[in-house]
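Enquirer: Quick one: the structure is below, questions incoming.
Protein chains: 2
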Amino acid sequence: MELTLDNVFNFSAGPAALPKPVMKQAQADFIDWNGLGTSVMEISHRSKEFIQVADESEQDLRDLLNIPDNYKVLFCQGGARAQFAAVPLNLLGDATKATYIDAGYWAESAVTEASKYCEIDVFNAKTSIDGKAAVVPAKDWKIDPEAAYVHFCPNETIDGIEISELPQTDKPIVADMSSNILSRKIDVSQYGVIYAGAQKNIGPAGICIAIVRDDLLELANDVLPSILNYKVLAEKDSMFNTPPTYAWYLSGLVFKWLKAQGGVEAMELVNKEKAALLYDAIDSSAFYKNDVHTANRSRMNVPFQLAKPELDGKFLELADAAGLKSLKGHRAVGGMRASLYNAMSLEGVQALVSFMKDFEEKYA
Amino acid sequence: MELTLDNVFNFSAGPAALPKPVMKQAQADFIDWNGLGTSVMEISHRSKEFIQVADESEQDLRDLLNIPDNYKVLFCQGGARAQFAAVPLNLLGDATKATYIDAGYWAESAVTEASKYCEIDVFNAKTSIDGKAAVVPAKDWKIDPEAAYVHFCPNETIDGIEISELPQTDKPIVADMSSNILSRKIDVSQYGVIYAGAQKNIGPAGICIAIVRDDLLELANDVLPSILNYKVLAEKDSMFNTPPTYAWYLSGLVFKWLKAQGGVEAMELVNKEKAALLYDAIDSSAFYKNDVHTANRSRMNVPFQLAKPELDGKFLELADAAGLKSLKGHRAVGGMRASLYNAMSLEGVQALVSFMKDFEEKYA
Chain A
1 MELTLDNVFN
11 FSAGPAALPK
21 PVMKQAQADF
31 IDWNGLGTSV
41 MEISHRSKEF
51 IQVADESEQD
61 LRDLLNIPDN
71 YKVLFCQGGA
81 RAQFAAVPLN
91 LLGDATKATY
101 IDAGYWAESA
111 VTEASKYCEI
121 DVFNAKTSID
131 GKAAVVPAKD
141 WKIDPEAAYV
151 HFCPNETIDG
161 IEISELPQTD
171 KPIVADMSSN
181 ILSRKIDVSQ
191 YGVIYAGAQK
201 NIGPAGICIA
211 IVRDDLLELA
221 NDVLPSILNY
231 KVLAEKDSMF
241 NTPPTYAWYL
251 SGLVFKWLKA
261 QGGVEAMELV
271 NKEKAALLYD
281 AIDSSAFYKN
291 DVHTANRSRM
301 NVPFQLAKPE
311 LDGKFLELAD
321 AAGLKSLKGH
331 RAVGGMRASL
341 YNAMSLEGVQ
351 ALVSFMKDFE
361 EKYA
Chain B
1 MELTLDNVFN
11 FSAGPAALPK
21 PVMKQAQADF
31 IDWNGLGTSV
41 MEISHRSKEF
51 IQVADESEQD
61 LRDLLNIPDN
71 YKVLFCQGGA
81 RAQFAAVPLN
91 LLGDATKATY
101 IDAGYWAESA
111 VTEASKYCEI
121 DVFNAKTSID
131 GKAAVVPAKD
141 WKIDPEAAYV
151 HFCPNETIDG
161 IEISELPQTD
171 KPIVADMSSN
181 ILSRKIDVSQ
191 YGVIYAGAQK
201 NIGPAGICIA
211 IVRDDLLELA
221 NDVLPSILNY
231 KVLAEKDSMF
241 NTPPTYAWYL
251 SGLVFKWLKA
261 QGGVEAMELV
271 NKEKAALLYD
281 AIDSSAFYKN
291 DVHTANRSRM
301 NVPFQLAKPE
311 LDGKFLELAD
321 AAGLKSLKGH
331 RAVGGMRASL
341 YNAMSLEGVQ
351 ALVSFMKDFE
361 EKYA
């Protein structure tokens with residue numbers, strides 16, 4: 001089979017593949033956008049043309065997630081790691097404590113940063129069922145009565161774990177949805193703050209969405225740099241400073257593409273199908289394995305191991321040659337990882353599963 | 001004359017035009033970069049391919065500015081406004097005071113943010129000579145003996161003022177070079193920190209360079225978010241979190257283009273010629289005027305007014321139709337502004353001057 005751009009499939013965990021139609025459109029419009037004779041990245045963020053990009057992208061995101069009117073949508077810089085500091089500095093108010101649910105690497109990274117600003121009550125939600133990694137049910141999560149908010153990360157990219165439950169609390173719930181936003185239906189009204197670095201399900205690296213409930217805008221700490229201050233960003237329509245305009249524009253194209261696909265409901269169906277296809281291939285083979293309990297397997301990030309780890313290099317080399325890119329597992333866990341964000345087509349997962357079967361037949 | 005992409009000239013103050021050869025190359029490589037079958041924005045920042053982009057861009061910048069080995073080059077997020085907070089939070093150490101030289105809008109914006117973190121000793125360097133805006137000579141700038149550092153902004157985009165002198169002090173000098181970095185020769189060893197948002201002379205909005213002298217890395221305040229911590233960024237080679245990879249890549253292409261043009265020395269010659277051409281056209285006409293004294297006129301941003309301000313709209317409309325884009329002055333001052341960053345060709349300034357003469361003949 002000859003490799004063309006149409007049968008190269010990129011399983012990168014992030015920065016991840018963007019939808020191919022979006023990339024083709026962006027390429028066509030790269031130098032001469034909207035007939036302006038310049039790129040969209042070469043015009044003022046305060047021009048009427050860019051304001052239209054900004055307004056439409058916000059409205060499209062509101063439509064996709066059905067975001068209630070009492071939530072602000074902010075386009076931030078600094079990625080989710082900036083939010084790790086922004087969340088306590090924006091939300092603590094007079095409180096000195098917050099509860100963090102720990103189910104993996106990213107939840108723990110958020111704890112490390114937030115610990116600089118307050119006492120962190122960590123609830124260890126990691127457990128195992130039948131020798132497989134799993135998450136304690138949400139009804140058993142213990143939340144400190146003095147906590148200003150409860151933070152959790154519903155999809156752990158490295159551990160390959162996804163949580164479909166919510167903390168059961170009347171405190172503001174803060175979710176790091178960097179790796180599963182827009183991949184499944186959520187009820188935004190259940191959250192205080194949702195944030196998500198763009199580079200998995202939204203757009204290129206360098207922009208980060210924060211969806212913030214209005215009543216939480218008044219709590220910011222004095223030492224918070226303005227660039228991370230939700231209230232400042234909200235008052236300035238995310239243009240307190242020059243925003244990353246090109247990343248914002250590309251994110252807007254992705255939102256329009258998602259709407260054209262049928263929105264989040266449609267994506268969720270495809271995402272379920274993609275994940276089922278790959279997990280079934282793994283489970284039905286003695287050569288491949290995944291160490292996460294079925295109840296908590298991520299639809300977005302599927303880590304898997306070979307029965308013969310000495311073949312990892314061979315697997316990756318042949319996969320790459322077959323147009324199946326970036327399947328190497330995270331350096332902390334090794335093995336393989338296939339990330340199946342919205343931009344990954346069912347066809348791509350079918351190609352991967354087919355390759356895995358061939359590889360097993362030849363090398364198992 | 002028929003308009004083509006080659007005779008459209010974009011005078012935007014920022015986000016500003018990028019060099020046309022850079023944009024053409026980026027467009028050609030947009031979807032299939034280096035034969036990978038994916039875009040450079042769709043690969044891991046930790047891949048060997050991206051690390052090469054990062055390493056080369058740093059080395060090219062070091063070559064262009066002749067950056068000494070005892071300086072770190074950091075690729076940051078959040079723009080210069082993030083640095084307005086990062087500077088005091090990184091540099092104050094045990095001190096409680098810093099001196100800021102005020103010669104315009106951006107210096108004052110830096111003061112506003114820094115005031116959250118310490119006492120700011122502002123030296124008002126604004127003056128006038130023969131009724132024209134000017135800057136007090138650096139030998140007369142008063143610097144507080146207790147200041148941890150001295151901050152100044154050597155080019156004010158809105159006021160159209162440029163300062164070619166340095167504060168005379170043994171304290172670390174911090175310069176916001178967002179709008180004139182790489183446009184003229186500088187001696188980096190004279191500075192403690194140089195920072196610059198990319199969107200004028202470096203690349204697209206969304207990335208910000210900080211050049212930091214090694215000995216200043218140890219002073220960071222405990223409440224500083226890690227994402228703004230120079231030491232953390234230095235230790236992680238600017239990959240503490242996922243960097244804005246596409247903006248970084250484009251910045252790297254600009255650095256290579258600058259080297260191909262002959263480097264900063266060659267750009268400075270062209271920049272002098274471009275500025276002289278435009279200021280001469282203004283000064284030799286009774287219809288156009290610029291309110292900055294010749295000693296402090298910016299080579300990068302040339303604000304000018306018409307003798308009949310009621311013609312501003314007509315001027316902008318006809319200029320736009322002639323392919324001379326984004327000449328509208330900043331909303332704070334009105335009139336016109338032509339930004340002549342490195343990517344603006346001499347040919348573009350010649351086209352503007354020619355248009356201005358035609359306009360004056362018809363409408364003066």
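Chains as they are written, first to last, in the UniProt record's numbering: chain A, 1 to 364; chain B, 1 to 364.
No residue lacks a Cβ here, since even glycine has one placed at the ideal position from N, Cα and C.
1. How would you write the range of the beta strand (DSSP E) that residue 97 (chain A) sits in, first residue to last?
2. For residue 170 (chain B), count neighbouring C-beta atoms within 10 Å of its own C-beta (all shown protein chains included) and say buried if the count is 16 or more, exposed if not.
3. Is any beta-carbon of chain A found at less than 8 Å from that of residue 15 (chain B)?
4. Quick one: what's got a C-beta closer than 6 Å to residue 15 (chain B)'s C-beta in the same chain, skipping five residues either side?
5. Run down chain A in chain order and give the residues with a C-beta less than 9 Å from the C-beta of residue 246 (chain B).
6. So is residue 365 (chain A) in contact with chain B if we call contact Cβ pairs under 8 Å?
7. Please list the residues of the segment 214-243 of chain B that have a C-beta atom closer than 8 Å to any C-beta atom in chain A, keeping them in chain order.
8. Just to make sure I have the definition right: I need the residues of chain A whose C-beta is within less than 8 Å of the C-beta of residue 26 (chain B). Which are they?
9. Can you tell me whether residue 10 (chain A) is helix, strand or coil according to DSSP?
10. For residue 212 (chain B), collect the residues of the same chain with a Cβ closer than 6 Å to its Cβ; drop the 5 residues on either side in sequence, then sort them by chain order.
11. Going along the segment 37-50 of chain A in order, which residues come within less than 7 Å of chain B, judged by CB to CB distance?
12. Is residue 70 (chain B) helix, strand or coil when you go by DSSP?
13. Label residue 52 (chain B) either buried or exposed according to how many other C-beta atoms from any shown protein chain fall within 10 Å of its C-beta, with 16 as the threshold for buried.
14. How many Å lie between residue 102 (chain A) and residue 125 (chain B) at the Cα?
15. Quick one: grab the DSSP three-state call for residue 304 (chain B).
16. What residue range does the beta strand (DSSP E) around residue 62 (chain A) cover?
17. Curious, which full-length beta strand (DSSP E) runs of at least 3 residues does the segment 76-141 of chain B contain?
18. Confirm, please, whether the CB-CB distance from residue 89 (chain B) to residue 276 (chain B) is below 8 Å.
19. Any idea if residue 215 (chain B) is buried or exposed, counting beta-carbon neighbours within 10 angstroms, 16 or more meaning buried?
20. Can you check which of these residues, B:329, B:298 and B:299, is closest to residue 312 (chain B) by C-alpha distance?
21. Please specify which runs of the alpha helix (DSSP H), each continuous and at least 4 residues long, are wholly inside the segment 229-296 of chain A, giving them in chain order.
22. Taking any Cβ of chain B, which residues in the segment 174-203 of chain A have a Cβ under 8 Å from it, in chain order?
23. Taking C-beta to C-beta, are residue 152 (chain A) and residue 175 (chain A) nearer than 8 Å?
24. Assuming residue 336 (chain A) is part of the beta strand (DSSP E), what are its boundary residues?
25. Please list the terminal residues of the continuous alpha helix (DSSP H) segment that includes residue 32 (chain B).
26. Between A:147, A:157 and A:184, which has its C-alpha nearest residue 165 (chain A)'s C-alpha?
27. Identify the contact partners of residue 274 (chain B) in chain A, using a Cβ-Cβ distance below 8 Å as the criterion.
28. For residue 36 (chain B), I'd like the list of residues in its chain whose CB is within less than 8 Å of its CB, leaving aside the five on either flank, ordered along the chain.
29. Is any beta-carbon of chain A found at less than 8 Å from that of residue 79 (chain B)?
30. Got a sec, what are the start and stop residues for the beta strand (DSSP E) residue 176 (chain B) sits in?
31. Tell me which same chain residues have a C-beta within less than 7 Å of the C-beta of residue 285 (chain B), skipping the five on either side of it?
32. Below 8 Å on the Cβ atoms is my guess for residue 228 (chain B) versus residue 149 (chain B); work out the distance and round it to an integer in Å.
33. According to DSSP, is residue 195 (chain B) helix, strand or coil?
34. Are there three or more Cβ pairs, one per stretch, closer than 8 Å when the segment 92-101 of chain B is compared with the segment 55-73 of chain B?
35. Is DSSP giving residue 210 (chain A) helix, strand or coil here?
36. Give the straight-line distance between the Cα atoms of residue 307 (chain B) and residue 318 (chain B), rounded to the nearest whole angstrom.
Expert: The answer reads as follows:
1. For the purposes of this step, residue 97 (chain A) is identified with residue 97 of the first sequence, where counting begins at 1. Run containing residue 97 (chain A): 97-102, per the beta strand (DSSP E) assignment.
2. By one-based count along the second sequence, residue 170 (chain B) stands at place 170. Under this definition residue 170 (chain B) is an exposed residue.
3. For the purposes of this step, residue 15 (chain B) is taken as the residue at position 15 of the second sequence. So yes, residue 15 (chain B) belongs to the interface.
4. In the second sequence, the residue the question calls residue 15 (chain B) occupies position 15. Taken in chain order, the residues that qualify are 199 and 205.
5. Numbered from its first residue, the second sequence carries residue 246 (chain B) at position 246. Those are 15, 204, 205, 206, 246, 247 and 250, listed as they occur along chain A.
6. What the structure shows of chain A is the stretch from 1 to 364, and residue 365 (chain A) is not part of that stretch, so it cannot be assessed.
7. 222, 223, 225, 226, 227, 228, 240, 241, 242 and 243
8. Along the second sequence, one-based indexing puts residue 26 (chain B) at 26. Near residue 26 (chain B) (Cβ distances below 8 Å), the residues of chain A are 30.
9. In the first sequence, residue 10 (chain A) corresponds to position 10, counting from 1. Strand.
10. Within the second sequence, residue 212 (chain B) is the residue found at index 212, counting from 1. Counting only Cβ-Cβ distances below 6 Å, and skipping sequence neighbours, we find 72, 193 and 230.
11. 37, 38, 39, 41, 42, 43, 44 and 45
12. Locating residue 70 (chain B) in the second sequence gives position 70, counting from the first residue. The answer is coil: DSSP assigns residue 70 (chain B) none of H, G, I, E or B.
13. Here residue 52 (chain B) is taken as the residue at index 52 of the second sequence, counted from 1. Exposed.
14. Walking along the first sequence from the start, residue 102 (chain A) turns up at place 102. Walking along the second sequence from the start, residue 125 (chain B) turns up at place 125. Those two C-alpha atoms are separated by around 53 Å.
15. Position 304 of the second sequence, counted from the start, is the residue given in the question as residue 304 (chain B). Strand, per DSSP.
16. Residue 62 (chain A) sits at position 62 when you count from the first residue of the first sequence. Counting along the chain, residue 62 (chain A) falls outside any beta strand (DSSP E), though it belongs to the alpha helix (DSSP H) covering 48-65.
17. 97-102, 119-124, 126-129 and 132-135
18. Here residue 276 (chain B) refers to the residue found at position 276 of the second sequence. Here residue 89 (chain B) refers to the residue found at position 89 of the second sequence. Result no, Cβ atoms of residue 276 (chain B) and residue 89 (chain B) do not sit closer than 8 Å.
19. Position 215 of the second sequence, counted from the start, is the residue given in the question as residue 215 (chain B). Flag for residue 215 (chain B) reads exposed.
20. Numbered from its first residue, the second sequence carries residue 312 (chain B) at position 312. Nearest C-alpha to residue 312 (chain B): B:329.
21. 230-235, 245-261 and 263-283
22. 197 and 199
23. Locating residue 152 (chain A) in the first sequence gives position 152, counting from the first residue. Locating residue 175 (chain A) in the first sequence gives position 175, counting from the first residue. Taking 8 Å as the Cβ cut-off, residue 152 (chain A) and residue 175 (chain A) qualify as a contacting pair.
24. Walking along the first sequence from the start, residue 336 (chain A) turns up at place 336. Note, residue 336 (chain A): beta strand (DSSP E), 336-339.
25. Translated into positions along the second sequence, residue 32 (chain B) becomes position 32. Looking at the DSSP string, residue 32 (chain B) is not in any alpha helix (DSSP H), and its letter there is neither H nor E.
26. As a working mapping, residue 165 (chain A) is identified with position 165 in the first sequence. Minimum Cα distance to residue 165 (chain A) is reached at A:184.
27. Residue mapping note: residue 274 (chain B) aligns to position 274 of the second sequence, counting from 1. Those within 8 Å of residue 274 (chain B) in chain A number zero; the least Cβ separation is about 18 Å.
28. Mapped onto the second sequence, residue 36 (chain B) falls at position 36. Same-chain partners within the cutoff: 43 and 49.
29. The count along the second sequence starts at 1 and reaches residue 79 (chain B) at position 79. Answer yes: the Cβ-Cβ gap between residue 79 (chain B) and chain A drops below 8 Å somewhere.
30. As a working note, residue 176 (chain B) is residue 176 in the second sequence. Looking at the DSSP string, the run of the beta strand (DSSP E) that includes residue 176 (chain B) is 173-176.
31. Looking up residue 285 (chain B) in the second sequence gives position 285. The residues are 360.
32. Along the second sequence, read from residue 1 onward, the residue named residue 228 (chain B) stands at position 228. Along the second sequence, read from residue 1 onward, the residue named residue 149 (chain B) stands at position 149. Incorrect: roughly 16 Å between the Cβ atoms, too far for contact.
33. Within the second sequence, the letter at position 195 stands for residue 195 (chain B). Of the three classes helix, strand and coil, the one that applies to residue 195 (chain B) here is strand, per DSSP.
34. no
35. To locate residue 210 (chain A), count along the first sequence from 1; it is residue 210. Strand.
36. The sequence position of residue 307 (chain B) within the second sequence is 307, counting from 1. The sequence position of residue 318 (chain B) within the second sequence is 318, counting from 1. About 17 Å.
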